[in-house]
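Scroll down for the structure; my scribbles are underneath it.
Protein chains: 2
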Amino acid sequence: MAVYTEVDDDELEAFLATYDIGELRSYKGIAEGVENSNFLLHTTAGTYLLTLYEKRVAPEDLPFFLGLMNHVASKGIACPVPIRDRKGEMLGTLAGRPAAIVSFLEGLSVRKPQPKHCAELGAGLARFHLAGADFPLRRANALTVSGWRPLFEASRARADEVSRGLAAELADELSALEASWPHDLPQGVIHADLFPDNVFFIGEHLSGVIDFYFACNDTLAYDLAICLNAWCFEHDGSFNITKARALTQAYNHVRPLDAAELAALPLLARGSAMRFLLTRLYDWLHHPPGALVKPKNPLEYLKRLRFHRSLSSPAAYGLD
Amino acid sequence: MAVYTEVDDDELEAFLATYDIGELRSYKGIAEGVENSNFLLHTTAGTYLLTLYEKRVAPEDLPFFLGLMNHVASKGIACPVPIRDRKGEMLGTLAGRPAAIVSFLEGLSVRKPQPKHCAELGAGLARFHLAGADFPLRRANALTVSGWRPLFEASRARADEVSRGLAAELADELSALEASWPHDLPQGVIHADLFPDNVFFIGEHLSGVIDFYFACNDTLAYDLAICLNAWCFEHDGSFNITKARALTQAYNHVRPLDAAELAALPLLARGSAMRFLLTRLYDWLHHPPGALVKPKNPLEYLKRLRFHRSLSSPAAYGLD
Numbered sequence: 001m002a003v004y005t006e007v008d009d010d011e012l013e014a015f016l017a018t019y020d021i022g023e024l025r026s027y028k029g030i031a032e033g034v035e036n037s038n039f040l041l042h043t044t045a046g047t048y049l050l051t052l053y054e055k056r057v058a059p060e061d062l063p064f065f066l067g068l069m070n071h072v073a074s075k076g077i078a079c080p081v082p083i084r085d086r087k088g089e090m091l092g093t094l095a096g097r098p099a100a101i102v103s104f105l106e107g108l109s110v111r112k113p114q115p116k117h118c119a120e121l122g123a124g125l126a127r128f129h130l131a132g133a134d135f136p137l138r139r140a141n142a143l144t145v146s147g148w149r150p151l152f153e154a155s156r157a158r159a160d161e162v163s164r165g166l167a168a169e170l171a172d173e174l175s176a177l178e179a180s181w182p183h184d185l186p187q188g189v190i191h192a193d194l195f196p197d198n199v200f201f202i203g204e205h206l207s208g209v210i211d212f213y214f215a216c217n218d219t220l221a222y223d224l225a226i227c228l229n230a231w232c233f234e235h236d237g238s239f240n241i242t243k244a245r246a247l248t249q250a251y252n253h254v255r256p257l258d259a260a261e262l263a264a265l266p267l268l269a270r271g272s273a274m275r276f277l278l279t280r281l282y283d284w285l286h287h288p289p290g291a292l293v294k295p296k297n298p299l300e301y302l303k304r305l306r307f308h309r310s311l312s313s314p315a316a317y318g319l320d
Numbered sequence: 001m002a003v004y005t006e007v008d009d010d011e012l013e014a015f016l017a018t019y020d021i022g023e024l025r026s027y028k029g030i031a032e033g034v035e036n037s038n039f040l041l042h043t044t045a046g047t048y049l050l051t052l053y054e055k056r057v058a059p060e061d062l063p064f065f066l067g068l069m070n071h072v073a074s075k076g077i078a079c080p081v082p083i084r085d086r087k088g089e090m091l092g093t094l095a096g097r098p099a100a101i102v103s104f105l106e107g108l109s110v111r112k113p114q115p116k117h118c119a120e121l122g123a124g125l126a127r128f129h130l131a132g133a134d135f136p137l138r139r140a141n142a143l144t145v146s147g148w149r150p151l152f153e154a155s156r157a158r159a160d161e162v163s164r165g166l167a168a169e170l171a172d173e174l175s176a177l178e179a180s181w182p183h184d185l186p187q188g189v190i191h192a193d194l195f196p197d198n199v200f201f202i203g204e205h206l207s208g209v210i211d212f213y214f215a216c217n218d219t220l221a222y223d224l225a226i227c228l229n230a231w232c233f234e235h236d237g238s239f240n241i242t243k244a245r246a247l248t249q250a251y252n253h254v255r256p257l258d259a260a261e262l263a264a265l266p267l268l269a270r271g272s273a274m275r276f277l278l279t280r281l282y283d284w285l286h287h288p289p290g291a292l293v294k295p296k297n298p299l300e301y302l303k304r305l306r307f308h309r310s311l312s313s314p315a316a317y318g319l320d
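Taken in order, these protein sequences are the chains called A and B. Here full-length UniProt numbering is used: the first residue of the first sequence is 1, the next is one more, and so on. Here full-length UniProt numbering is used: the first residue of the second sequence is 1, the next is one more, and so on.
And the structure:
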């Protein structure tokens, strides 16, 4: 939550001169995102967001991310729209880093989503999936089932420091997921990180989706499973079926799930819980002492994983 | 350069409901200032800055700071204007901290001030001094001559770690300043921290002054001496008389300096260099390892102090 790169005024003005977005009136580094440096720009033409991509984003992935935002925006999805420079490029260089300017999206993220927010999210996610169907670029998901074992191995020896028995439980779960993970469900571009932080609302209406830096090609229903984990559990760890029903039914109304997707939903939700559990576990065990960003507790996702494992049908998610 | 306090959406919306500034459309924590948490707000009525005052600002000083901004703004000084809530109050409470909303000021600070910027600054500083003349509240300057000795004593034992002989040189200088410091020059409200970071320009024109959190009652010409140190030295430590002349003559044109002020200027500039040298020295020796904010090199101000000490008249500042 910081600005990692300071930008010199002269450099910034020279960079902006390559765009047709008016004259700079002010810019402020904003404390948003943990991976990149972001600046809010006011120009005589409007408000924009300038992002400098820091080392955790692979430069070769940027055409996918920016192209996707541009593609889905052109199909009516509310998201930041990359601004092209005078040469037509969406990606430039500033302060030695890859840099892009996108339109600024108004809206507020909700800390305590209500069922109406979940319904908006479900419909929005389905529309995003439909809009991405003909996006031509491809990016593999490094954090799907094949990526979980190396992540697990990097934390396995110390997993029981977090909770006794965790290493054994995760080993069993991982084997089960690897053995039964579905590979033939409908595929497409997924957001893959659609947490409440990344969805803006004005009132109860979804006003936009941000942060496409985990987007990739993968199983569409897996994206819905991520949202079940990210939006439908209460702070005490309990599952809120009213929110889940709002989410899944709104999704299903816009993009109907087929029978195989429906049947796989509990497994996909287990997998999604595993994915966030493993990255949180890794960060928990490996964050440098005194780091600015406090790691999130991985055990929240162990509870969610167990919940999904206990289900015998997708009816628990409100799809009937 | 960070947001120290996270604000909950619900809390923020409840706080904003006590103001008449429209509905919230977005808010971003901004990486500005090292002492407080600042949020840029977009509402249906415009753009505002929300500040949560953290522990380094004494709550009892806030009526002085906010009242001063309100007072000088009403006299035409371009600065953030505190917004009153529906009860007429400029100061509220949010997330357990004193909080205020001010109008957002467009403009860019200059990293490499040119003589034209210095002239704008000089005229702006003089207008600020005139505007503050009838401000009724008072705040003593904790960082004037009487405050330097305790600050020096807190660093004295380790000063030579920074530069050999520093402790002895500062001891001599401090005694000289204490013996000869002028106490009968024209007094008033001074900004006391008018570094380039705190002055905004649009093109070559001064568009506003920010960060009044060191403002206090003190010798007016001392404020000009602070600006001489902050604006008229090059990165290599050399003094730029063209910039100094632009600064002092523009000041003098709006608020003519009397003979005693003119004669005291080299001494005031030595004192100002001492003040920033001592706070930087303290921060240099006492900052926690791994701290987010890198301390500034105190020795830059030793060079400036020596320069001012070498002068026999204010003519070197371009006043003739």
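Yeah, the Cβ is synthetic: ideal placement off N, Cα and C, and Gly gets one too.
Residue from the options with nearest C-alpha to residue i
i	options	result
ALA131 of chain A	A:LEU143, A:ILE83, A:HIS191 and A:SER103	A:HIS191
PRO82 of chain B	B:ALA58, B:THR51 and B:GLY107	B:THR51
PRO98 of chain B	B:TYR53, B:CYS118 and B:PHE195	B:TYR53
LEU137 of chain A	A:LYS303, A:GLY67, A:LYS28 and A:VAL102	A:GLY67
PHE214 of chain A	A:ARG280, A:CYS79, A:LEU305 and A:ALA140	A:ALA140
GLY22 of chain B	B:PRO266, B:THR44 and B:ASN229	B:THR44
ASP10 of chain B	B:LEU24, B:ASP20 and B:TYR4	B:LEU24
ARG164 of chain B	B:SER37, B:PHE65 and B:LEU299	B:LEU299
LEU281 of chain B	B:LYS296, B:PRO288 and B:PRO63	B:LYS296
GLY271 of chain A	A:GLU178, A:SER312 and A:ALA260	A:GLU178
LEU267 of chain A	A:LYS294, A:SER312 and A:THR242	A:SER312
ALA269 of chain B	B:VAL162, B:THR144, B:PHE212 and B:ASP20	B:THR144
ALA260 of chain A	A:TRP181, A:TRP148 and A:LEU305	A:TRP181
ARG127 of chain A	A:SER146, A:LYS87 and A:VAL209	A:VAL209
ASP320 of chain B	B:LEU278, B:ILE241 and B:CYS79	B:ILE241
ALA273 of chain A	A:ALA95, A:GLY318, A:PHE195 and A:PRO288	A:PHE195
GLY124 of chain B	B:GLU13, B:ILE30 and B:PHE200	B:PHE200
PHE65 of chain B	B:PRO288, B:PHE39 and B:ALA100	B:ALA100
HIS308 of chain B	B:THR279, B:ASN229 and B:LYS87	B:ASN229
TYR317 of chain A	A:PHE212, A:ALA263, A:ASP193 and A:ALA159	A:ALA263
LYS116 of chain B	B:LEU277, B:PRO314, B:LEU247 and B:ALA14	B:LEU247
VAL7 of chain A	A:TRP231, A:LYS75, A:THR279 and A:THR93	A:THR93
Extent of the continuous beta strand (DSSP E) run through residue i
i	result
PRO98 of chain B	97-103
PHE201 of chain A	199-202
HIS191 of chain A	Run containing HIS191 of chain A: none; DSSP gives neither H nor E here.
GLY92 of chain B	92-94
LEU49 of chain B	46-52
GLY147 of chain B	Premise fails: GLY147 of chain B lies in the alpha helix (DSSP H), 145-156, not in any beta strand (DSSP E).
ALA206 of chain B	Per the sequence shown, residue 206 of chain B should be read as Leu rather than Ala. Counting along the chain, the beta strand (DSSP E) containing LEU206 of chain B begins and ends at 205-209.
Cross-strand partners of residue i (DSSP beta bridge)
i	result
GLY271 of chain A	Paired residue(s): none; GLY271 of chain A is not in a bridge.
LYS116 of chain B	Looking at the DSSP assignment, LYS116 of chain B forms no beta bridge with any residue, so it has no partner.
CYS216 of chain B	B:ILE190
ALA140 of chain B	B:ASN217
LEU40 of chain B	B:LYS28 and B:LEU49
LEU224 of chain B	LEU224 of chain B pairs with nothing; no bridge assigned.
GLY165 of chain A	Answer is none; GLY165 of chain A lacks a bridge partner.
PRO82 of chain B	B:VAL102
PHE276 of chain A	PHE276 of chain A pairs with nothing; no bridge assigned.
Endpoints, the alpha helix (DSSP H) within which residue i is located
i	result
HIS308 of chain B	299-309
THR242 of chain A	241-254
HIS71 of chain B	62-74
ASP9 of chain A	9-16
Closer than 7 angstroms: residue i CB and nearest the ligand MN heavy atom
i	result
LEU16 of chain A	With respect to the ligand MN, the structure offers nothing, as it holds no ligand at all.
(request) Check each residue of the region 26-54 of chain A: if its Cβ is closer than 8 angstroms to any Cβ of chain B, include it; give the result in chain order. (result) SER26, TYR27, LYS28, GLY29, ILE30, ALA31, GLU32, LEU40, HIS42 and THR47
(request) Check distances from the C-beta atoms of the region 96-107 of chain A to those of chain B and list, in chain order, the residues that come in under 9 angstroms. (result) PHE104, LEU105, GLU106 and GLY107
(request) Report the residues of the region 180-210 of chain A with a CB closer than 7 angstroms to any CB of chain B, ordered along the chain. (result) ILE202
(message) Within 8 angstroms, do at least three Cβ pairs link the region 33-49 of chain B to the region 128-142 of chain B?
(response) no
(message) With three or more beta-carbon pairs closer than 8 angstroms as the criterion, would you say the region 106-122 of chain A touches the region 60-76 of chain A?
(response) no
(message) Between the region 178-187 of chain B and the region 219-226 of chain B, can you find at least three pairs of beta-carbon atoms closer than 8 angstroms?
(response) yes
(message) Between the region 148-155 of chain A and the region 254-266 of chain A, can you find at least three pairs of beta-carbon atoms closer than 8 angstroms?
(response) no
(request) Check each residue of the region 107-134 of chain B: if its Cβ is closer than 9 angstroms to any Cβ of chain A, include it; give the result in chain order. (result) GLY107, LEU108, SER109, VAL110, ARG111 and LYS112
(message) Assess contact between the region 203-217 of chain A and the region 169-181 of chain A, defined as three or more Cβ pairs (one per stretch) separated by less than 8 angstroms. Is contact present?
(response) no
(request) Output, in sequence order along the chain, the residues in the region 10-24 of chain A whose CB is closer than 7 angstroms to any CB in chain B. (result) LEU24
(request) Pull out every residue of the region 233-256 of chain A whose Cβ sits closer than 8 angstroms to any Cβ of chain B, in chain order. (result) none
(request) Could you list the residues in the region 208-232 of chain B with a C-beta less than 7 angstroms from some C-beta on chain A, going in chain order? (result) none
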